[in-house]
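K.L.:
In the working numbering, the protein residues as written are 2 to 569.
Quick one: the structure is below, and I'll ask about it shortly.
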């Protein structure tokens, strides 16, 4: 259905936008929805623009700022859809001009807007008053020969294109930065502009930058090939804790020493084990991974060391075990603590003598296998408890390596997230905008008890629940908000534009207006306060009464009347 904006119509209420602003001052962060924002001096931006023009030239600088605005427009279009899902097309679209004003970039006056999302038709004409780009150009560069509101224009193109689901191009038909009386922009579908292809070039990467990226990609590819040839791939990570592990492994990999990998579940012990194999002289030979905990105890010996036909009921043919399959290469024994006593004895013989006997056979077979074992429990404690052979422990513990948990290498989190995003974008054939800043901040404050495996699952969930060209939110990552380090207090913006303390902003005028405006009954208010007080007091009625300023009998009566006491 086509919707037309007329100048006499008023904007919809701004409050749904201002409520998204939060100042987390003690943490040095400003949030707008789930995106982190910055407050910058306008003269600093003016100096930056001058440097860009002087070093890159006007055309390249224009392309840079158009692309800068474009990225912001995409994010805000997503936010507008989320904030106003039940509004009509015009009200949702107007969030873009309102956000421009709210961010202090420009005051936007819509002159004419025709929208029809069903047919894809769009026409817009808007006036920009007090553009920040006009101001910084007048300060640093003087009057230009052409329109100067580059970042604002890129924003308008991106926001409207995302909103309409097709390419919409805005052009500045008059601009105060080049001597015109007003800044006025006009927007319509790309095919209706004669110079659409020429204008679209601004949104492509600069040719010189592109060449540099190509050279960097080639260099990275060559380095990767060299690393692969040397077997130095250790997974993903660049933190000090992870690099320390890699250096330790690098020293052991070239030799024949058995390696014992220690660490919590999900830290990537198998990735490290494969790295040891690739780095060793056995890289061209088999690598066999075995999860000892996944094999039934009565079958573990047959699985590891092989079985002869007729050794037990069901053994209809002879077959080699995992050690024979790994002959000449490496075997990785994950959860080695789960081995049965007999299997431990046989493994000790393999380590000491390099030979084994299949189950039900009396012939000795020579094997040349490097053993890498892993466990998330303490083998030394298992020895003291009699669950693990001491002599086997000493054979395996020649070169122990502790793989750090994810919470101790949070510097690697963004790199790991990017890796899993790329993996699941390909797997689910979609392309999100990645994690929102708020979601990434939550991930950085989360303890990750399941480590990298948990992170992989969380990212997969986020990709599944997020539509194309949208940011992955906190809610998409976690079904239940996870425990994190405690949030610092936040400030917000009141209706007068003042930054106020978060608790102050919920003063009498604010919360009473909210309650009355949403038809919330007095009984509901009372019940909510009592539930919150009981929760803060850990269900202690006396403490809850003190919080609410009531006597214990008075609160107990109200709790019983409302049914809360029976629930607790």
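Where a beta carbon is used, it is the ideal one built from N, C-alpha and C, also for glycine.
It should be emphasised that the depicted structure is a prediction, and the values quoted were computed from it without experimental measurement.
Which residues mark the beginning and the end of the beta strand (DSSP E) in which residue 480 is found?
P.N.:
From DSSP, residue 480 is part of no beta strand (DSSP E); its letter is neither H nor E.
K.L.:
Looking only at its chain, what residues have a beta carbon closer than 7 Å to the beta carbon of residue 296, apart from the 5 residues adjacent to it on each side?
P.N.:
Cβ within range, chain order: 304.
K.L.:
Is the distance from the Cβ of residue 290 to the Cβ of residue 333 below 7 Å?
P.N.:
Their beta carbons are under 7 Å apart, which means residue 290 touches residue 333 by this criterion.
K.L.:
Compute the Euclidean distance between the alpha carbons of residue 558 and residue 543, then round it to the nearest angstrom.
P.N.:
Cα to Cα, the separation comes out at about 12 Å.
K.L.:
Are there 16 or more other CB atoms within 10 angstroms of the CB of residue 181, so buried, or fewer, so exposed?
P.N.:
Per the 10 Å Cβ criterion, exposed.
K.L.:
Using a Cβ-Cβ cutoff of less than 7 Å, which residues in the same chain neighbour residue 40 once the five nearest sequence positions on both sides are dropped?
P.N.:
Around residue 40: 31.
K.L.:
Only counting the same chain, and skipping five residues up and downstream in sequence, which positions put a Cβ closer than 7 Å to that of residue 267?
P.N.:
Closer than 7 Å at Cβ, skipping near neighbours: 451, 452, 453, 454, 455.
K.L.:
Answer with buried or exposed for residue 505, where buried requires no fewer than 16 other C-beta atoms within 10 angstroms of its C-beta.
P.N.:
Its pLDDT being 48, under 50, residue 505 is placed unreliably by the model, and the measurement read from it follows with that caveat. Classification of residue 505: exposed, given that the 10 Å Cβ count is below 16.
K.L.:
Under 8 Å, with one C-beta from each stretch per pair, do the segment 193–203 and the segment 104–114 reach the 3-pair mark?
P.N.:
No, because fewer than three Cβ pairs between the segment 193–203 and the segment 104–114 fall closer than 8 Å, the two stretches do not touch.
K.L.:
What would DSSP say about residue 438, mapped onto helix, strand or coil?
P.N.:
Residue 438: helix per DSSP, three-state reduction.
K.L.:
So, under 8 Å CB-CB, residue 66 and residue 152 are touching, yes? Tell me the CB distance rounded to an integer number of Å.
P.N.:
4 Å between Cβ atoms; contact.
K.L.:
Using only alpha-carbon positions, find the residue among 366, 284, 269 that is nearest to residue 457.
P.N.:
Nearest of 366, 284, 269 to residue 457, Cα basis: 269.
K.L.:
Roughly how many whole angstroms lie between the Cα atoms of residue 241 and residue 35?
P.N.:
Distance between the alpha carbons of residue 241 and residue 35: 29 Å.
K.L.:
Apply the 10 Å Cβ neighbour rule to residue 508 and answer buried if 16 or more other Cβ atoms are within range, or exposed otherwise.
P.N.:
The pLDDT assigned to residue 508 is 47, lower than 50, so where the model puts this residue is not dependable, and the model offers no usable value.
K.L.:
List, from N- to C-terminal side, the beta strand (DSSP E) runs of 3 residues or more that fit wholly inside the segment 57–141.
P.N.:
Within the segment 57–141, the complete beta strand (DSSP E) runs of at least 3 residues are 108–117, 122–130.
K.L.:
Quick check for students: name the residue ranges of the beta strand (DSSP E) that lie wholly in the segment 372–441, counting only runs of 3 or more.
P.N.:
Segments of the beta strand (DSSP E) lying fully in the segment 372–441: 400–403.
K.L.:
If you drop the 5 nearest sequence neighbours on each side, which residues of the same chain put their C-beta closer than 6 Å to that of residue 167?
P.N.:
Around residue 167: 121.
K.L.:
So, helix, strand or coil for residue 189, using DSSP?
P.N.:
Here residue 189 sits in strand by DSSP.
K.L.:
Please classify residue 340: does DSSP put it in a helix, a strand, or coil?
P.N.:
Coil.
K.L.:
On a CA-only basis, which of 28, 43, 44, 45 is nearest residue 37? Give me that one, please.
P.N.:
With distances taken between Cα atoms, residue 37 lies closest to 28.
K.L.:
Just to confirm my understanding: we take residue 100, look at its own chain, exclude 5 residues before and 5 after, and list those with CB closer than 6 Å. What are they?
P.N.:
Cβ neighbours of residue 100 beyond the five flanking positions: 77.
K.L.:
With distance defined between alpha-carbon atoms, name the residue in 407, 534, 532 nearest to residue 237.
P.N.:
With distances taken between Cα atoms, residue 237 lies closest to 407.
K.L.:
Please classify residue 248 as buried or exposed, where buried requires at least 16 other C-beta atoms within 10 Å of its C-beta.
P.N.:
Answer is exposed; the Cβ neighbour count stays below 16.
K.L.:
So which of 326, 287, 478 has the shortest CA-CA distance to residue 306?
P.N.:
When only C-alpha atoms are compared, the closest one is 326.
K.L.:
Look at residue 394 and residue 380 and say whether their C-beta atoms are less than 7 Å apart.
P.N.:
For residue 394 and residue 380, yes; Cβs fall inside 7 Å.
K.L.:
Is the segment 169–176 in contact with the segment 86–106, if contact means three or more CB pairs nearer than 8 Å?
P.N.:
Touching, no, given that fewer than three Cβ pairs across the two stretches are closer than 8 Å.
K.L.:
Give the secondary structure of residue 290 by DSSP, where H, G and I count as helix, E and B as strand, and everything else as coil.
P.N.:
The answer is strand: DSSP assigns residue 290 an E or B state.
K.L.:
Which residue wins for smallest C-alpha separation from residue 25, given the options 430, 190, 478, 442?
P.N.:
Considering only alpha carbons, the answer is 442.
K.L.:
Could you tell me the boundaries of the alpha helix (DSSP H) in which residue 17 lies?
P.N.:
From DSSP, the alpha helix (DSSP H) with residue 17 extends over 16–19.
K.L.:
Taking all protein chains shown into account, decide if residue 376 is buried (16 or more other Cβ within 10 angstroms of its Cβ) or exposed.
P.N.:
Answer is buried; the Cβ neighbour count reaches 16.
K.L.:
Report buried or exposed for residue 50, applying the criterion of at least 16 other Cβ atoms within 10 angstroms of its Cβ.
P.N.:
Its Cβ being crowded by 16 or more others within 10 Å, residue 50 is buried.
K.L.:
Per DSSP, which residues does residue 184 bridge with? Please list them.
P.N.:
129.
K.L.:
Bridge partners of residue 175, per DSSP?
P.N.:
In the DSSP output, where bridge partners are listed per residue, residue 175 has 185.
K.L.:
Just how far apart, CA to CA, sit residue 230 and residue 447?
P.N.:
Bear in mind that the predicted position of residue 230 carries a pLDDT of just 44, short of 50, making it unreliable; the figure below should be weighed with that in mind. Taking the straight line from one Cα to the other gives about 37 Å.
K.L.:
Let's see if you can read the secondary structure: which residues bound the beta strand (DSSP E) around residue 310?
P.N.:
Careful: residue 310 lies outside any beta strand (DSSP E) and carries neither H nor E.
K.L.:
Which residues does DSSP list as the beta-bridge partners of residue 331?
P.N.:
Note: residue 331 sits in a beta bridge opposite 288, 371.
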